[in-house]
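Structure first, commentary second.
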Amino acid sequence: MTLSPELAGPLLTDADVHERVEALIGRATQDRCVWLLLVDGDRRQTPVVMPLEDSPLRPDRRLVDGLREVLSGLVDQLATDAGPGSCVFVLERLGPVRVGAADEEWAEALVGAATGAGLGSLGVFTSTTAGIRRLR
48 MTLSPELAGP LLTDADVHER VEALIGRATQ DRCVWLLLVD GDRRQTPVVM
98 PLEDSPLRPD RRLVDGLREV LSGLVDQLAT DAGPGSCVFV LERLGPVRVG
148 AADEEWAEAL VGAATGAGLG SLGVFTSTTA GIRRLR
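In structure tokens:
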């Protein structure tokens, strides 16, 4: 069964977000892909799930600046009467579930891109062959 984000319930808790990441992304099947899920101010996920494939091992300033610019253009579309929109990020990579320095750098850069654009962050996760783990 395929999950349809627009028909799924709102992401009200951390557990809801974790379950959604598991349902949509699941265990890693490729290396170095950053996934972006967009959530509106009512905490409903939009149908947009964007992979940034072949991402560098560590965040690149040009990539992060470009992401912030793209997200800035979506602020008005994601805002609702309940509040601003948010992002969920998933770092998909092959290898151990252990969180490394590169994962932490990515988490900081991705949250910074979202907040710099005026959006919130509902979490940064890693997807490895061992499963999903929340970083932030």
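Numbering (this note's numbering), first residue to last: 48 to 183.
For each residue, glycine too, the CB sits at the ideal point set by N, CA and C.
Which class does residue i belong to by DSSP, given the choice of helix, strand or coil?
i, result
"Ser119", "helix"
"Glu139", "strand"
"Arg180", "strand"
"Thr60", "coil"
"Leu104", "coil"
"Gln124", "helix"
"Val146", "coil"
"Thr93", "strand"
"Met48", "With a pLDDT of 42 at Met48, under the threshold of 50, the modelled position of this residue cannot be trusted; read the value that follows with caution. Residue state, collapsed to three classes: coil."
"Asp87", "coil"
"Thr162", "helix"
"Arg109", "helix"
Can you give me the start and stop residues for the beta strand (DSSP E) that residue i sits inside?
i, result
"Thr173", "Gly167 to Thr175"
Based on DSSP bridge pairs, tell me the residues matched to residue i.
i, result
"Trp82", "Pro98 and Val137"
"Gly130", "Thr127"
At least three beta-carbon pairs within less than 8 Å, the segment 106-115 to the segment 147-156: yes
The segment 126-137 touching the segment 83-96, judged by at least three CB pairs closer than 8 Å: Yes, the segment 126-137 touches the segment 83-96.
contact_flag[the segment 106-125, the segment 159-168] where n(CB pairs < 8 Å) is 3 or more: yes
Contact the segment 138-146 vs the segment 72-92: 3+ CB pairs below 8 Å: yes
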